[in-house]
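The numbering of the sequence shown is the numbering used here, which starts it at 6 and goes up by one. Below you'll find the structure, written out as structure tokens, and then a few comments.
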Amino acid sequence: MTSGLALALTSGIALATPAAAHDGVDHGTEPGAGLALDWSNYEKVTLTKDTGEPIDMAVLPDRRVLTTARNGDVRLVDPDAGTTRVVNTIATYNNSEDGLQTITLAPDFEESGWVYLYYAPRTMTGPYPTTTPSGSAPNTLPAGQTEAYWDQWKGYNQLTRVKWDEAADKLDLATEQVILKVEVQRGQCCHVAGDVDFDDQGNLYLATGDNTPAGTPGANGYAPNNDAPGFNPGFDSRRGAGNTNDLRGKILRVAVQEDGSYTIPEGNLFAPGADGTRPEIFAMGLRNPFRMDVDPATNSVSWGDYGPDAGAPNPDRGPMGYVEWQTTAIDEPINGGWPYCTGDHFNYNEWNFETATPREFFDCAAGAENNSRWNTGLSTLPPATAATLYYGDNNTHQPWPELTDFSPAGGQGPMGGPVYHYDADNPSPTKFPEYWDGKAFFAEFSQDYLAAFTVDWPSGPVSHIEQFLPNIDLETNRQPITDSPIDIEFGPDGSLYVLDYGDGFFRANPDAGLYRIDYSVGNKAPRADIVADPISSSSAPLTVEFDGSGSVDPEGGALTYDWDLDGDGTFDATGATTSYTYDELGRYTARLRVTDAEGRRGITSTSISVGNVAPTIKVATPAEGGFFDWGQAVPFDVTTDDPEDGSATVCSRVTWTFGLGHDVHAHPLSQGTGCRFSIPTPADATEHGETENIYGVVVIGYTDNGANGVPAARSEVSMVLNPKSQEAEWADASEGVAIAPDETASGLRKVTSLDEGDWLSWKPVNLAGITSAKLRASGTGTVQLRWGSADATPFASFDVSSEDWSETTSDLTGAPSGSGELFVTSTGGVTLDRIRFVGDGFADVTPPTVSATLDPAQPTGQNGWWTGNVSVAVVATDNGTVASRQRSTNGGQTWENANNPLTVSAEGVTTVHYRATDNGGNVSEVGKVVVRIDKTAPQVAVDGVTDGATVGNAGDASWSATDATSGVGSVTATLDGAAVAGDTLPLWRLSLGSHTLKVAATDKAGHATTRTVTFTTSTSLAELTALTERLARSGEITPAGESVLEKRLSQAAKHVDAGRYASARSQLREYADLAASSLYVADADARAALQRDARAVISQL
6 MTSGLALALT
16 SGIALATPAA
26 AHDGVDHGTE
36 PGAGLALDWS
46 NYEKVTLTKD
56 TGEPIDMAVL
66 PDRRVLTTAR
76 NGDVRLVDPD
86 AGTTRVVNTI
96 ATYNNSEDGL
106 QTITLAPDFE
116 ESGWVYLYYA
126 PRTMTGPYPT
136 TTPSGSAPNT
146 LPAGQTEAYW
156 DQWKGYNQLT
166 RVKWDEAADK
176 LDLATEQVIL
186 KVEVQRGQCC
196 HVAGDVDFDD
206 QGNLYLATGD
216 NTPAGTPGAN
226 GYAPNNDAPG
236 FNPGFDSRRG
246 AGNTNDLRGK
256 ILRVAVQEDG
266 SYTIPEGNLF
276 APGADGTRPE
286 IFAMGLRNPF
296 RMDVDPATNS
306 VSWGDYGPDA
316 GAPNPDRGPM
326 GYVEWQTTAI
336 DEPINGGWPY
346 CTGDHFNYNE
356 WNFETATPRE
366 FFDCAAGAEN
376 NSRWNTGLST
386 LPPATAATLY
396 YGDNNTHQPW
406 PELTDFSPAG
416 GQGPMGGPVY
426 HYDADNPSPT
436 KFPEYWDGKA
446 FFAEFSQDYL
456 AAFTVDWPSG
466 PVSHIEQFLP
476 NIDLETNRQP
486 ITDSPIDIEF
496 GPDGSLYVLD
506 YGDGFFRANP
516 DAGLYRIDYS
526 VGNKAPRADI
536 VADPISSSSA
546 PLTVEFDGSG
556 SVDPEGGALT
566 YDWDLDGDGT
576 FDATGATTSY
586 TYDELGRYTA
596 RLRVTDAEGR
606 RGITSTSISV
616 GNVAPTIKVA
626 TPAEGGFFDW
636 GQAVPFDVTT
646 DDPEDGSATV
656 CSRVTWTFGL
666 GHDVHAHPLS
676 QGTGCRFSIP
686 TPADATEHGE
696 TENIYGVVVI
706 GYTDNGANGV
716 PAARSEVSMV
726 LNPKSQEAEW
736 ADASEGVAIA
746 PDETASGLRK
756 VTSLDEGDWL
766 SWKPVNLAGI
776 TSAKLRASGT
786 GTVQLRWGSA
796 DATPFASFDV
806 SSEDWSETTS
816 DLTGAPSGSG
826 ELFVTSTGGV
836 TLDRIRFVGD
846 GFADVTPPTV
856 SATLDPAQPT
866 GQNGWWTGNV
876 SVAVVATDNG
886 TVASRQRSTN
896 GGQTWENANN
906 PLTVSAEGVT
916 TVHYRATDNG
926 GNVSEVGKVV
936 VRIDKTAPQV
946 AVDGVTDGAT
956 VGNAGDASWS
966 ATDATSGVGS
976 VTATLDGAAV
986 AGDTLPLWRL
996 SLGSHTLKVA
1006 ATDKAGHATT
1016 RTVTFTTSTS
1026 LAELTALTER
1036 LARSGEITPA
1046 GESVLEKRLS
1056 QAAKHVDAGR
1066 YASARSQLRE
1076 YADLAASSLY
1086 VADADARAAL
1096 QRDARAVISQ
1106 L
């Protein structure tokens, strides 16, 4: 590693153009240049606009073309017939950029029929999970989880091959051979790559991406090497691209065998068996080599590689973000350096993501060290090879200004392309001229241009860069422009086939298309165009009006029109317009063929659906162009209407994808389903870099049921959402202004020369929820906001008067409604930096509504008490998406997840507090519910008597009840079936003999307990003596009675002890007689009881 920054940044800042960058040759004077560089000698032929979301193509030997779409569709395009149809659908896992990528023909395709595919399979085999969770993986470990949590997101992309069924004109998926699996971390964006090519030995080359998000937390547009504890391992590119023992971020080279297995050819970067390496690796240290070309004629492997987003170098972090084009010899495997350096060995700092502090800089030239905790390979990497070409945002950022001067569009999207080889024996009249022989063609996805490089093969340098067929010339010649080219390929006819992605994201963009560029001196073929109305109906018959008058002859000549309206292959109608009635249900292909005066033809087709009309998607909120702040969530409310299915939307079929728009491309971040949902925007989005124009992109789709035997139809809508902070230089359109660098500006650039009559504009914009705007500007003058046009009446203005940057606020409460175009104008004298819109916009600022439901819903006992377990479920609703529900059982001291109901089982009183948070971070008010549970019946105690026992009657029987939870509600007792008052029963009041005492207790929760005691009361001389003493104490026996009665009992006892039972009986008779007197026993019940007991004792003697 280098210890200083000088080596890391010096060559990244001092960008004097090297002599090797340009050869000083006037290529316009080269043989054949006159015709080759006359752009009127080329024609761009539209082969199809039906591409789905286009990803890749392969030109068949008969000039038909196979294309792939990310959702798994494989289309067959027949240019001669003017038809396109989906011939296969691969079962793919679709999240972010994952899906179907590459389609490539085997070198011996005409003999073998093998077609190679690279895709993310929907279902997987072990040791991986069978399927991947829906949605996106979190940035950090959820609470309580270990790093094993990430295993559920492990998956792979697989390289396979299948046979082409020539008779059926489709892939025979039953012949699939799985060749190789590249392990990836799913549920995150980005960088899949996936291009495939072959050398002349039949070796297969596969390009793979680093599987690391562009917006890794803490990266700020620099190297995404975040292995801080708890973070998703996908945030560290060193685990893949920088790992010698991993297949991501590489170009792999293998030799595929007959059975689909592979061997390792000689000459890869690492020999088989080398510790800590994978022998499949030909090139490592790559970020997203989306397009690659292997060219045995020049002995070269070349590719374009995407770079990070930093708009300027940082002395603590490293260089600005560069993209690259690289070439190396087939026998010279390399390390491209990512994520340790970029460009010409511009080293990154080994940033400490845990503490957000710098460490030493990597040393790519010597071989960087991989210190990632996820690294499974070598610690010291092979020395890196500097990029053949690299470029940044502006023409001052690199030695080759052409790479950003060819187009005014922003951003960088390098797509490697093929080397052209002129073949004089090729009979095709459309083959490119010899001037282009040996040049590498290149496509710029973000800037909408094609270029050609003159290269000192196989390893460079590049000596000349020239733009090919500029859009301005295509427009002049009334031909389709280049619009985000995602793949270019020379066909067997020597023509260049171009697959344009178009302007839009994650869907079948209206601007997408497949084209063929022919070298065609002189008369050009006309371009057919169909307008059909209507294109669908729910029933037959359907009469359709066809209009081909939009067809174009590049020379402006007259055209003849021929129509095949029923798809039977026969052209049976003529004229620029016609009509046709479809009497039967079904899906039809209507074709138009136009012919110019010299017999050149163009053909196109459109689909007519009789029996099923595509659904209409309605988004109630948000509005197109609405505002939000990064880190907020935006709620959506989607409905659909379908002529056959009605307006009852099946919400599971409403799909959405959210992406981070970035200049003219986007990084998919999350996806889901549902009618009402809220999309959280990443709080760290601005870490792409302060210079980067980023925004929200949402694509919503819906597929109907199909009807009347006609297949299902799908509709999609795309929406742009605007961050509230807008740099002036990010305007979507402008006139008369200039953009200049300024380190004091918030985006490091400013807009100057905004004079009267000049303007900036943003579209789409919707100002709902915006109350004011703050303009950061300098100078003296007035800045106006206008709606719809640059000369509309201003609806807001800012008076600026400051030499330095200052903020001025303007009220927008009366701003125009709806979605439209916002214009910024000036009286002159003002330099603009930024405008920030203030207000909620369409962001979710409403907290969820939360409640708790109990099961059982009502107390099962009495007085508000449950008599068993109670389930407490926290229920929340939101205008968007509820992110979490929480509960607390300790008064809010700690909270736990409430996704599953809480079972309250403890007896007593439990208070459950609850709350909910939506994915916009809004937290509900805290609610509470009190749960009282008493599961246990009361306990009943009976004293003085026991069940089955005989007891003397001098004592008492007593009873009581206790309940530890809800408390005792009531206690009742019966004796021999008769109610007994109180809780004590003197036994002397009972007749001698058997008795049954029943005591019933009920607690406040309603539990009841009954205690039954059967006992026998008896008496004896000793018991009678004890009873006499008791009654004397309680006053039932008078003092006089106490003396005489106890005397008799004492004498009787002496006689019993002496065995004089007759004398004892005599004393007891006297006792009974005396007890009958109220003079001695005042209480009547006591007199009766004493007499009874005396007679009972007499009978015992």
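Even for Gly, the Cβ is constructed at its ideal location relative to N, Cα and C. If you're wondering where the values come from, they're calculated on a predicted model, not measured in any experiment.
_Whether residue 686 touches residue 761 by CB criterion (8 angstroms)_ = no
With three or more C-beta pairs closer than 8 angstroms as the rule, is the stretch 907–927 touching the stretch 165–173?
no
Practice item. Determine the burial state of residue 14: buried for a count of at least 16 other Cβ atoms within 10 Å of its Cβ, exposed for fewer. Key: In this prediction, residue 14 scores a pLDDT of 32, lower than 50, which makes its location untrustworthy; no coordinate-derived value is stated.
### Task
Can you check the stretch 233–291 for any beta strand (DSSP E) of at least 3 residues that lies completely inside it and give the ranges in chain order?
256–261, 286–289
What did DSSP end up calling residue 95 once you bin it into helix, strand or coil? coil
- Burial state of residue 29, where buried means 16 or more other Cβ atoms lie within 10 Å: Any answer about residue 29 is weak, because its pLDDT of 44 lies below 50 and its placement is not dependable; what the coordinates show is given next. Residue 29 comes out exposed.
Requested in this report: Return the CA-CA distance between residue 386 and residue 243, expressed in angstroms with no decimal places.
Outcome: 11 angstroms
Our contact map puts residue 125 next to residue 151 with C-beta atoms below 8 angstroms; I'd like the distance itself, whole angstroms only.
Rounded, the Cβ-Cβ distance is 26 angstroms, inconsistent with contact.
>> Less than 8 angstroms between the beta carbons of residue 1005 and residue 989, yes or no?
In response: no
* **Terminal residues of the beta strand (DSSP E) in which residue 804 lies** => 801–816
- Item | Spatial neighbours of residue 331 in its chain, beta-carbon cut-off 7 angstroms, leaving aside the 5 residues before and after | 307, 308, 310, 341, 392, 393
- Query: Going along the chain, which residues of its own chain have a beta-carbon closer than 6 angstroms to the beta-carbon of residue 359, five neighbours each way excluded?
  - Reply: 233
Quick one: give me the first and last residue of the beta strand (DSSP E) that residue 641 is part of.
638–646
To the nearest angstrom, how far is it from the Cα of residue 12 to the Cα of residue 492?
Only weak support exists for where residue 12 lies, its pLDDT of 29 falling under 50; the coordinates are left without a value.
Flag this pair as yes or no: are the beta carbons of residue 398 and residue 316 separated by less than 8 angstroms? yes
Problem set entry | Neighbour-count burial assignment, residue 364, 16 or more Cβ in a 10 Å radius | exposed
Euclidean distance between Cα positions of residue 458 and residue 498: 21 angstroms
Inset, instruction - Assign residue 29 to one of three DSSP states: helix, strand, or coil. - result: Its pLDDT being 44, under 50, residue 29 is placed unreliably in this model, and the value from its coordinates should be taken loosely. Reduced to three states, the DSSP call for residue 29 is coil.
Check: Between the Cα of residue 182 and the Cα atoms of 65, 264, 118, 570, which residue gives the shortest distance?
Finding: 264
ask   = How close, in whole Å, do the beta carbons of residue 103 and residue 191 come, if the pair is a contact with beta carbons under 8 angstroms?
value = 7 angstroms
message: Using 8 angstroms as the cut-off, can you tell me whether the stretch 153–168 makes contact with the stretch 113–130, which would need three or more C-beta pairs spanning the two stretches below that distance?
response: yes
Based on DSSP bridge pairs, tell me the residues matched to residue 871. 938
- Sub-8 angstroms separation of residue 452 and residue 422 beta-carbons: no
Whole-angstrom distance between residue 1100 and residue 994, CA atom to CA atom | 16 angstroms
Exercise. How many angstroms separate the CA atom of residue 26 from the CA atom of residue 305?
Worked result: Only weak support is given to the placement of residue 26: the predicted model assigns it a pLDDT of 40, under 50, and the question is left unresolved by the model.
ask   = Can you find at least 3 beta carbon pairs, one from the stretch 460–468 and one from the stretch 425–434, that sit closer than 8 angstroms?
value = no
Cutting at 6 angstroms between CB atoms, please list the residues of its own chain near residue 502, excluding the five before and the five after it. 64, 494, 496, 521
Rounded to whole angstroms, how far is the Cβ of residue 764 from the Cβ of residue 850, which I believe are closer than 8 angstroms?
32 angstroms between Cβ atoms; not a contact.
Pull up the distance between the alpha-carbon of residue 1031 and that of residue 942, whole angstroms please.
38 angstroms
Inter-residue Cα distance where the pair is residue 194 and residue 662: 12 angstroms
Worksheet item: Which residues mark the beginning and the end of the alpha helix (DSSP H) in which residue 1061 is found?
Response: 1044–1063
- Leaving aside the five residues before and after residue 1080 along the sequence, list all residues of the same chain whose C-beta is less than 7 angstroms from its C-beta, in chain order. 1050, 1086, 1092, 1095, 1096, 1099
Where residue 813 and residue 806 are concerned, what is the direct C-alpha to C-alpha distance, given to the nearest angstrom? 9 angstroms
### Contact between the stretch 545–563 and the stretch 74–94 (3+ Cβ pairs under 8 angstroms)
no
query = Which one of 962, 899, 425, 36 has the shortest CA to CA distance from residue 298?
reply = 425
Report the option in 467, 470, 468, 486 whose CA atom is closest to the CA atom of residue 476.
486
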